[in-house]
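Residue numbers (our numbering), protein chains in the order written: chain A, -9 to 432; chain B, -9 to 432; chain C, -9 to 432. Contents: one structure, followed by commentary.
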């Protein structure tokens, strides 16, 4: 191999020479390989940030679903809450959350550096951190927005601002560091056990859903939601088309949420698109038929939530279950969400949009399903780890949020007055109606 | 060339060596070329799937256009139909349609394998098939959704579910296999003749439009649409801004529909963007001026349909006509759609949103135009082939849909009762109103 | 280095040989490098055109914001105007504007060739020009759309069509050639001085904003906007949720507007995403608190405009200021927009949506800030140049638009009659209402 070694030396040492602008660039097999690697990196930037755009757009979808499913007199407040979820949330995640979630972690419980993107931002830093921050930021805001739905129509705006900040700055990032910290500088105890949650059935959706449950419990139901004899009264949404378009937007956004979580632009995103889509489709179809059986009519609210349930359900396992498994996961999600909405309502927990059922319950189911339908086979260890993750998310998020909401309730106040609630949170908290030129009832 | 051959041997056999993680990767000109090819493939995945996202979003656009152009009492039903078009449609296309359209075809009439993505899905399969499925799935659902518009406000929901499934499972894929089967495993008789329909003026839009025509005829007009003396009465849409935003969303989605049909991320998409955009713009402008001349005012419904007409018109030829030709194709589409809407209305065929004119008529025109304005010149053979394709689409889609709707009509029923229609399909079929807090007329 | 030169000759002359379809492709280090460069170019096409899609979608966002902030009786007209901004605008920019802006320029004041994409379009041309045209076209239409908001509810449709064409064909492109001409074939006097306006705080937003100011002044206020004693009366918007969703869409679109202005798919887009997002978030938060202090309630209109103000403010400097600076730029934009809206209203200039404050004032501030917060440090020369650019934009755009609107006013007429305005511009100019099934007031 003497000749070979010699030729190798030539290849590495004596390159072709090309003339760029005003400097000589030496071309070799090695520099070409470096250029190829850089190009894949560039593609990863484009893909990850386009995916971040899609996830960002989910904020609009959430705002439309929450607003459409509630009353006209609360629509301004919901828009303000969702705008602030993302605005305050971005600032909170920049200042505190990102460091807790992805900073260097000695214990596996939270990161301890990188706040305000310090050491990461600025001209000399690795731009990948900035791209990754952007992608993670839109995830953090999603968790906060989920809570908003369960607390609609009766929450004090100042109280809301506080909890929205705390979710993005602490509750979400700390759990996130347990499961996803190693994606950057951190390391988490849960991911160390082999916990599977590719895009966040638990990390994002259950965390949001269980915090929503705590909020709905501390707040109590809307006036008139439950009768004196305990009967459940429907409070119909004021704009069903808006809610439906919101679900289409969320479905679209999920094509960033799940496939984008590869943060790599390659063929691996294809299957994730397919599993995500099939699960959503089956969620909608099965929720529709379930509602049809239970209520004698195909119910649009349940069907829309069924699509979302299918999306939440596949989020954990989108990259490690087959398309056929995805149809089963979605179908079960669709059935589950209808039953859960009915049960939670009978427990007199007033969740106006079904956020706890969609995100909490189906998030937990999806995380379990990611183990059960794992293409590489499932073991008792995998299932146990998944159950530990599901349990940890409930204890952390429900517990932390319960304490937070109780503190807010006892200090600045969490709920508006009865008079204000009757008039509507829009006019009393923000001084305007949503639909000034329309004759509205309620 | 002895030296040359010797150096070549060295280049291929004796690579540079780089040390990756824990294995030695041998770098050569050839491995670099393979890496470059893989990278282009990765870019194709990203582009095709981002384009699929845009096309998926068209479902929201269709729902908004159809709903905005019809009455408030039908909006819930329209949202349900559109959600089910995509949900049932995804399942139907996964189970049956994709195999019929792209499976191995011995006859050139339909594929015979690959149902349920079998042999294609799962961990060991080619991920490109999954990406391609996703892209084609959103196309199939588009065809189904077009039909929905022409049948709005009076169709029984169960009947609708049946036909929506059949369009995505059979009617659309069979024709699709004739024109596009060879894009994967199949082969079609029409594409074998040299039929030009790059992104589906005929394959998607005319197929949808002619099925819509069959549906509108079998259903008959809405109550009160035509007077006793045969006079045509306008039934104005309930939310024009929603319809307009829907058209913007459709226009956006078309930037996935047409350029995405390259399924290749390269410079070829640039001209397709430009032809698509200029045709849509000219469609809107010319429809507006045509309506202005005919009705004395610039009509928003016609103008919005003009933009869609321009988009449908350029879909077949977007990749083989020049930007200047695109302006002419769009302008004619814009004029044509206004005339067609008026003529179809005078024939007492009640198409509430103009779906037959936009998708059927302008789809046929666009397919012809793709031949007439072909940048490589046009021959009698090209025009003949285009006309054969246009005719085949009409016979197949109108014929199959007519039989389908007649069967549904005679069995489970296609149309709701007069009482239900007067009350509105929302409350009678789904048990809810769209706008519960608003005072609505009608 | 004799050996080296010899090996180099071999490397270049005697390639590896691979067999493609039916031709022999010779592989060398050099052909690989060419393939790598081509691939980066392909990625640039995908990124630039996906970004163009996002910017196109801003048209929907503008339509929703403008319509939501005004009355129900003007919503059809606003949709028509926005559709025509983009449709007429695309045609105008294709026929005239693009040539003026990017054609060969001898003087640095405007280009003189390339009209109708001649010499650039068609089968043999450089496809990059087509991609670049598409990206620039959506920018041009944005400038036109900004003007629409300030002139809402009282402008004659024919007058509107004329000015919309002129903005896209002349006013915007001429200034654009001064600052951005060299991006293609041109050269501009302002860019020659070192003017920093990466994505168009001045080039797009101030140009639109100052033309809007001219329009609002020439038109005069809406009937009833200012009382006999000069008191300012609020005319509340008819659909606040629509306006809010519009702002989410605009925010989304800005992720194409700013990072897309690289027209290069690489790591440089990451920081631009982050600066854009943080500035928008801080704009919303600070506008909310400012309005809370000034009006005792957190005002949704001001908060939504605060997000837009933050976006406009960071547009010039998004690529040359740090994330931390972006939070400051956004915060100041948010405060500034609230003050500006109040001041302009007290000057009895009726700008129904705050377009002058958002785009004109914050565009000027953002352009100055791009100099002040420049990561490479700022010099007196930089600040002077920025101020010259800001001043030139005001003089050109306000001046040209003032003359244009005066001419329209004196010829075909710019404003509808009092009777028509009371009835609403929808029914009088377009013959239909926006919400036919709803009971509307006003």
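For each residue, glycine too, the CB sits at the ideal point set by N, CA and C.
task: Kindly indicate the opening and closing residues of the alpha helix (DSSP H) around residue 175 (chain A).
output: Looking at the DSSP string, residue 175 (chain A) is not in any alpha helix (DSSP H), and its letter there is neither H nor E.
- prompt: Can the beta-carbon of residue 306 (chain B) be found closer than 8 Å to that of residue 186 (chain B)?
  reply: Cβ atoms of residue 306 (chain B) and residue 186 (chain B): closer than 8 Å.
query: DSSP on residue 254 (chain A), reduced to helix/strand/coil?
result: Collapsing the DSSP output to three states places residue 254 (chain A) in coil.
query: How would you list, in chain order, the residues of chain A whose beta-carbon sits under 7 Å from the beta-carbon of residue 95 (chain C)?
result: Within 7 Å of the CB of residue 95 (chain C), no CB atom of chain A is found; the nearest one sits about 23 Å away.
message: Since residue 207 (chain B) and residue 393 (chain B) should fall inside the 8 Å C-beta cutoff, what is the C-beta to C-beta distance between them, to a whole number of angstroms?
response: By a beta-carbon distance limit of 8 Å, residue 207 (chain B) does not contact residue 393 (chain B). Their separation comes to about 12 Å.
task: Could you tell me which residues DSSP pairs with residue 145 (chain B) in its beta bridges?
output: Answer by DSSP bridge pairing, in chain order: B:405.
query: Per DSSP, residue 216 (chain C) forms a beta bridge with which residues?
result: Residue 216 (chain C) has C:222 as its beta-bridge partners, per DSSP.
field: Per-residue burial, residue 371 (chain C) [other beta carbons within 10 Å of its own, 16 or more giving buried]
entry: By the neighbour-count rule (16 or more Cβ atoms within 10 Å), residue 371 (chain C) is not buried but exposed.
- request: Say whether chain A places a C-beta atom closer than 8 Å to the C-beta of residue 423 (chain C).
  value: Judged by the 8 Å Cβ criterion, residue 423 (chain C) is not in contact with chain A.
Residues near residue 105 (chain B) in its chain [Cβ-Cβ closer than 7 Å; skip 5 each side]: Within the same chain, Cβ atoms closer than 7 Å to the Cβ of residue 105 (chain B) are found at 85, 86, 89, the five residues on either side in sequence being excluded.
message: Checking the sheet assignment: what are the DSSP bridge partners for residue 428 (chain B)?
response: Residue pairing of residue 428 (chain B) in beta bridges, as defined by DSSP: A:430.
message: Just to confirm before moving on: does the CB-CB distance between residue 395 (chain C) and residue 133 (chain C) stay below 8 Å?
response: Against a cut-off of 8 Å, the Cβ pair of residue 133 (chain C) and residue 395 (chain C) comes out as no contact.
query: Roughly how far, in whole angstroms, is the beta-carbon of residue 419 (chain B) from the beta-carbon of residue 287 (chain A), given that I think they are within contact range, below 8 Å?
result: Sure, about 7 Å apart at Cβ, within 8 Å.
query: Under 8 Å, do residue 308 (chain C) and residue 125 (chain C) count as touching if we go by C-beta distance?
result: Going by C-beta atoms, residue 308 (chain C) is not nearer than 8 Å to residue 125 (chain C).
- prompt: Does the separation of the CB atoms of residue 303 (chain A) and residue 269 (chain A) fall below 8 Å?
  reply: Less than 8 Å divides the Cβ of residue 303 (chain A) from the Cβ of residue 269 (chain A).
Buried/exposed call for residue 213 (chain C), threshold 16 Cβ in 10 Å: With fewer than 16 neighbouring CB atoms inside 10 Å of its own CB, residue 213 (chain C) falls in the exposed class.
- request: Step through the CB atoms of chain B and report whether any lies within less than 8 Å of the CB of residue 261 (chain A).
  value: Yes, contact with chain B.
- request: Using only the heavy atoms of the ligand ADP, determine whether one of them is closer than 7 Å to the beta carbon of residue 164 (chain B).
  value: The model on display carries no ligand, and the ligand ADP is accordingly not part of it.
query: Is the CB-CB distance between residue 448 (chain C) and residue 78 (chain C) below 8 Å?
result: With chain C covering -9 to 432 only, the question about residue 448 (chain C) has no answer from this structure.
query: Does any residue of chain B bring its CB to less than 8 Å from the CB of residue 175 (chain C)?
result: Cβ-Cβ to chain B under 8 Å: no for residue 175 (chain C).
- prompt: Going by Cα to Cα distance, which pick from B:337, B:430, B:34, B:35 is closest to residue 222 (chain B)?
  reply: Comparing Cα positions, the closest option is B:337.
For residue 336 (chain A), the first and last residue of its enclosing alpha helix (DSSP H): Unbroken alpha helix (DSSP H) run through residue 336 (chain A): 313 to 336.
message: According to DSSP, simplified to helix, strand and coil, what is residue 11 (chain C)?
response: Note that residue 11 (chain C) scores a pLDDT of 49, beneath 50, so its modelled location is shaky; the value from the coordinates is reported in the next line. DSSP places residue 11 (chain C) in coil when its eight states are reduced to three.
- prompt: In angstroms, rounded to a whole number, what distance separates the CA positions of residue 34 (chain C) and residue 253 (chain C)?
  reply: Distance between the alpha carbons of residue 34 (chain C) and residue 253 (chain C) is about 6 Å.
Contact with chain A by residue 407 (chain B), beta-carbon distance below 8 Å: When Cβ-Cβ separations below 8 Å define contact, residue 407 (chain B) makes no contact with chain A.
- prompt: When the Cα of residue 83 (chain C) is compared with those of C:417, C:166, C:298, C:358, which residue comes out closest?
  reply: The residue among C:417, C:166, C:298, C:358 with its C-alpha nearest the C-alpha of residue 83 (chain C) is C:166.
- prompt: Tell me which same chain residues have a C-beta within less than 7 Å of the C-beta of residue 312 (chain A), skipping the five on either side of it?
  reply: Cβ neighbours of residue 312 (chain A) beyond the five flanking positions: 365.
query: Apart from the five residues on each side of it in sequence, which residues of its chain come closer than 8 Å, Cβ to Cβ, to residue 122 (chain B)?
result: The beta carbon of residue 122 (chain B) sits closer than 8 Å to those of 38, 92, 173, 174, 253, all from its chain and outside the five residues before and after it, given in chain order.
message: Quick check on residue 42 (chain B): buried or exposed, where buried means 16 or more other Cβ atoms within 10 Å of its Cβ?
response: Result: buried.
Contacts that residue 227 (chain B) makes with chain C (C-beta to C-beta distance below 8 Å): In chain order: 426.
task: Consider the Cβ of residue 183 (chain C): report whether some Cβ of chain B lies at a distance smaller than 8 Å.
output: Taking Cβ atoms only, chain B never reaches closer than 8 Å to residue 183 (chain C), which makes this a no.
- prompt: Exposed or buried, which one is residue 443 (chain A) when buried takes at least 16 other CB atoms within 10 Å?
  reply: As displayed, chain A neither begins before -9 nor continues past 432, which places residue 443 (chain A) out of reach and without an answer.
task: Please confirm if the segment 222 to 231 of chain C is in contact with the segment 255 to 271 of chain C, defined as three or more CB-CB distances below 8 Å between the two stretches.
output: Not touching, per the Cβ criterion.
- prompt: Which first and last residues belong to the alpha helix (DSSP H) in which residue 400 (chain A) is found?
  reply: Residue 400 (chain A) -> alpha helix (DSSP H) spans 389 to 400.
- prompt: Is there a Cβ from chain A that is less than 8 Å from the Cβ of residue 43 (chain B)?
  reply: At least one CB atom of chain A sits nearer than 8 Å to the CB of residue 43 (chain B).
- request: For residue 117 (chain A), return the contacting residues in chain E, with the cut-off set at a CB-CB distance below 8 Å.
  value: This model lacks chain E altogether; the protein chains it does include are A, B and C.
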